[in-house]
Amino acid sequence: MEDKIVVYTTFQDPVEANIVMARIKDAGFDCFLTGENTAVIYPVFDISISGVQLHVFENEVAEIKQLLAEESDL
């Protein structure tokens, strides 16, 4: 079975994106970000156009949602 990678969510703040990614990785899930370096490479790029995207495996989305929901309740 092939694992499909999907965009879980998009952030406007690269710092927030990295914090959430770290939480997910600490819980044992694989994930990665795209778009976080675009503003540095292209200074005229407006990050609000596409943002920083967090990618995860599609079959882990429900577990990740639950993990993040539980953490937000703390």
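Residue 469 in this note's numbering is what sits at position 62 of the sequence shown, and the numbering runs on without skipping anything. Glycine included, C-beta positions come from ideal geometry on N, C-alpha and C. Since we're looking at a predicted model, the values are computed, not measured.
Query	Result
Beta-carbon proximity list for V414, same chain, < 8 Å, skipping 5 on both sides	Q460, L461 and H462
Nearest neighbour of A458, chosen from Q419, E423, D480 and I412 [CA to CA]	The displayed chain sequence assigns Gly, not Ala, to residue 458. When only C-alpha atoms are compared, the closest one is Q419.
I471 to C438 span [Cα, whole Å]	10 Å
Between the CA atoms of T445 and A434 - distance to the nearest angstrom	27 Å
Alpha-carbon to alpha-carbon, E467 and L474	11 Å
Cβ-Cβ distance between T416 and V427 below 9 Å	yes
Beta-carbon contacts of I412 that lie in its chain and below 8 Å, excluding the five residues immediately before and after	H462, V463, F464 and E465
Distance between beta carbons of A424 and E443, contact taken as under 8 Å	6 Å
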